[in-house]
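Protein chains in written order, with the numbering used here: chain A, 86 to 379; chain B, 18 to 241.
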Amino acid sequence: MRVRTLAVALLAGGLALTACGKEGGPGDTGSPSQQVAADVKVDGSPTFDKIKARGRVVIGVKEDQPGLGYKDPTSGKFTGFDIEIAKLVAAKLGYGDDKIDFKAIPSAGREQALINGDVDYYVGTYTINAKRKEQVAFAGPYFTAGQDLLVKKDDNSITGKDALKGKKVCSVTGSTPIQKVKSEGLTEPENIVELQNYSQCVEQLEQGAVNAVTTDDAILKGYASQSPTTLKVVGKPFSNEPYGIGLPKDDKALRDKVNDILQAALDGGDWQKAYEATLGKSGSTAEKPVLDRY
Amino acid sequence: MDVLLDNLDLYGPGFLNTVELFLISAVGSLVLGTILAMLRVAPVPVMRAMGAAYVTIVRNTPLTLVFFFFAFAFPLLKIVDAETFGGSASGYYFTAALAALILYTAAFVCEVVRSGINTVPVGQAEASRALGLTFGQMLASVVLPQATRAVVPPMMSTMIALLKNTTIAAGFSVFQAGSISANLAERGENQLIGLLWVAAFFVVLVIPMTLLQRSLEKRWSIAR
């Protein structure tokens, strides 16, 4: 009998604990709000038909990249430049912030998520390349990044990609930047560290276990602006990574529509506003990309 | 087939490292697990308590967590110098992966061996004591040989689980079979096909283990 009382007490306590702290959360981070378009039509787009039938749009994003696609662990809110672009496109398709479901999908799962239709479109540091175009379609690019290096602020020995010999370099398992480091032999194979996500790499950098973290400069700037006193970006990009919006492969109608939306945002002030509210906070400027319609 | 042939530079070294990780940690966990099992049946209470405590604490702790500890937390304890230990960064992470796999699997091996010891009739132990064998001699030449026969199938299951568990090292800077799909994704290859090849190679690795199990069972079978 006593056991049962204890169990009930524990259960009730557990429920009470989980119920509290759910309301509220940090205030809005001041992302530019979008005018939601009404009566949008995208003829001949199966994806858009699916969105309409659902009444909500599901967008695949990253959750661990400050400044681009980042999920606040306490409030569960997504913030960043990619998120702003995703919201902008959704708004112009007729879906406001309250009708967006963000789905965090890591790099390795992106193609499959689009092929399976788990997400309607994907905005998350998604580099456009020919090989990927065999499986998915891309609108954009909406941003051009380049591979760069994140090092400790007081480290002046790493000045660029050619100064990496003998240094421990960290990036995400199998990611394009680390494959580039391997194939170009920028450092010795035994000095390459591959972890699950960039946050772990940055942590290792701060502890001194690795000397540099490498990936696209946009991602690195996000981390550098989080800890400006200890980290810095080297600032000599050595690749060209055009970020596109991933779409299901055969949906040309939606692709054209998204390209129109991006063009309008680039020509108007929306793109600039989105940049300044997110990545621009690190103080760096960015050039507007030129759309690549196909 | 293209996915495989175009990316042989991933599949070859990847599976080679998987086999290497597996073989070393299999030997390590068998040795440590057997020692733990001997502790658990030892006549000294302190030894029994040590064995039991290890199994209770370690058994089925999420393996990712064990990896996490050795890859990230252990260096902070400054017991060894992560900079130089293992010769290099990759050497350190490889050693960390081995430590995680061996400690995790040893708890299972211990319980498998102990269940085998339990199948040996008490009379065997009593008879060997009566012959004047010490505890160590009794275990080594009477009880364990008989126990081993009984545990071939569950032991092989544990070893196959270990083989597949090695893929977790992918997230902790050890390049092996588990890292292949992440690399393929970035190369823009079809991952479903890529993963099917990974699965196929794992089946190829498991088949000889199953055959070994069958042959051991046959060779060690006795009429009771």
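Glycine is no exception: its CB is placed at the ideal position from the N, C-alpha and C atoms.
Small disclaimer: the values here were computed from a predicted structure and weren't measured.
DSSP on residue i, reduced to helix/strand/coil?
i: A:Glu279; result: strand
i: A:Ser312; result: coil
i: A:Pro327; result: strand
i: A:Ala189; result: strand
i: A:Tyr207; result: strand
i: A:Lys184; result: helix
i: A:Tyr425; result: Because residue 425 of chain A is not part of the residues shown, which for chain A are 86 to 379, the question remains open.
i: A:Ile144; result: strand
i: A:Lys373; result: coil
i: A:Ala104; result: The predicted model places A:Ala104 with a pLDDT of 49, which falls under 50 and marks its position as unreliable; any figure quoted below should be read in that light. In the structure shown, A:Ala104 sits in a helix (DSSP, three-state: H, G or I).
i: B:Tyr109; result: helix
i: A:Leu332; result: strand
i: A:Asp301; result: strand
i: A:Asp233; result: strand
i: B:Leu33; result: helix
i: B:Gln208; result: helix
i: B:Val58; result: coil
i: A:Ala362; result: helix
i: B:Ala43; result: helix
i: B:Tyr71; result: helix
i: B:Phe189; result: strand
i: A:Asp149; result: strand
Would a check of beta-carbon distances place residue i closer than 8 angstroms to chain A?
i: B:Ser190; result: yes
i: B:Gly108; result: yes
i: B:Asn200; result: yes
i: B:Ser174; result: no
i: B:Leu82; result: no
i: B:Gln193; result: no
i: B:Leu22; result: no
i: B:Glu128; result: no
i: B:Gly205; result: yes
i: B:Pro92; result: yes
i: B:Leu209; result: yes
i: B:Ser232; result: no
i: B:Ala113; result: no
i: B:Ala216; result: no
i: B:Ala187; result: yes
i: B:Ser105; result: yes
i: B:Leu145; result: With the sequence shown as reference, residue 145 of chain B is identified as Ser, and Leu is not the correct amino acid for it. Taking Cβ atoms only, chain A never reaches closer than 8 angstroms to B:Ser145, which makes this a no.
Against chain B, does residue i count as a neighbour if the rule is that its beta carbon must be under 8 angstroms from one of theirs?
i: A:Lys253; result: yes
i: A:Lys334; result: no
i: A:Gln281; result: yes
i: A:Val298; result: no
i: A:Arg217; result: yes
i: A:Asp325; result: Contrary to the premise, residue 325 of chain A reads as Asn rather than Asp in this sequence. Chain B contact via Cβ: absent.
i: A:Gly225; result: no
i: A:Asn241; result: no
i: A:Val146; result: no
i: A:Ala158; result: At residue 158 of chain A the sequence reads Pro, which differs from the Ala that was named. No, its Cβ sits nowhere closer than 8 angstroms to a Cβ of chain B.
i: A:Val204; result: no
i: A:Ile344; result: The identity of residue 344 of chain A in the sequence shown is Asn, whereas the question assumes Ile. With 8 angstroms as the cut-off, A:Asn344 does not count as an interface residue toward chain B.
i: A:Thr261; result: yes
i: A:Ser192; result: yes
i: A:Ile277; result: yes
i: A:Gln264; result: yes
i: A:Gln232; result: no
i: A:Glu291; result: no
i: A:Pro274; result: yes
Roughly how far, in whole angstroms, is the beta-carbon of residue i from the beta-carbon of residue j, given that I think they are within contact range, below 8 angstroms?
i: A:Asp302; j: A:Gly365; result: Rounded, the Cβ-Cβ distance is 14 angstroms, inconsistent with contact.
i: A:Asn276; j: A:Ile243; result: Going by Cβ atoms, the distance from A:Asn276 to A:Ile243 rounds to 12 angstroms, so no, they are not a contact pair.
i: A:Ser192; j: A:Ser130; result: Not confirmed; about 26 angstroms, so no contact.
i: B:Gly140; j: B:Val168; result: In fact, because the Cβ distance is near 20 angstroms, the residues do not count as touching under 8 angstroms.
i: B:Ala202; j: B:Gly195; result: Wrong, their Cβ atoms sit about 13 angstroms apart, outside the cutoff.
i: A:Pro300; j: A:Ser256; result: Inspection of the sequence shows that residue 300 of chain A is occupied by Thr rather than by Pro. With 8 angstroms as the limit, A:Thr300 and A:Ser256 qualify as a contact, their Cβ atoms being about 6 angstroms apart.
i: B:Val160; j: B:Asn34; result: At roughly 37 angstroms, the Cβ-Cβ gap does not stay under 8 angstroms, so B:Val160 and B:Asn34 are not in contact.
i: A:Gly152; j: A:Thr363; result: 6 angstroms
i: A:Val278; j: B:Ala90; result: The pair is not a contact, with the Cβ atoms about 16 angstroms apart (cut-off 8 angstroms).
Examine the ligand HEM and report whether any of its heavy atoms sits within less than 7 angstroms of the Cβ of residue i.
i: A:Asp203; result: Inclusion of the ligand HEM in the displayed structure is not the case, the ligand content being empty and no account of it being possible.
Runs of beta strand (DSSP E) lying entirely within the stretch 248–279 of chain A, each at least 3 residues, in chain order: Fully enclosed beta strand (DSSP E) runs of 3 or longer: 254–257.
The stretch 206–216 of chain A contacting the stretch 322–337 of chain A, beta-carbon criterion three pairs below 8 angstroms: In short, these stretches touch, since the Cβ pair count reaches three.
At least 3 beta-carbon pairs within less than 8 angstroms: the stretch 121–136 of chain B vs the stretch 68–76 of chain B: yes
Segment contact, 8 angstroms Cβ cut-off, at least three pairs: the stretch 333–347 of chain A with the stretch 261–273 of chain A: Taking a cut-off of 8 angstroms on C-beta distances, the stretch 333–347 of chain A does not touch the stretch 261–273 of chain A, as fewer than three cross pairs fall below it.
Cβ contact check for the stretch 107–125 of chain B and the stretch 23–33 of chain B: 3 or more pairs under 8 angstroms: Touching, no.
The stretch 181–191 of chain A touching the stretch 221–228 of chain A, judged by at least three CB pairs closer than 8 angstroms: no
The stretch 159–169 of chain A / the stretch 143–150 of chain A touching (three or more Cβ pairs under 8 angstroms): yes
The stretch 108–120 of chain B contacting the stretch 141–161 of chain B, beta-carbon criterion three pairs below 8 angstroms: no
Inter-stretch contact at 8 angstroms, needing at least 3 Cβ pairs: the stretch 244–253 of chain A / the stretch 345–352 of chain A: no
Inter-stretch contact at 8 angstroms, needing at least 3 Cβ pairs: the stretch 166–183 of chain B / the stretch 220–240 of chain B: yes
Segments assigned alpha helix (DSSP H), at least 4 residues, entirely inside the stretch 89–172 of chain B: Taken in chain order, the whole alpha helix (DSSP H) runs of length 4 or more contained in the stretch 89–172 of chain B are 106–136, 139–147, 152–155, 161–167.
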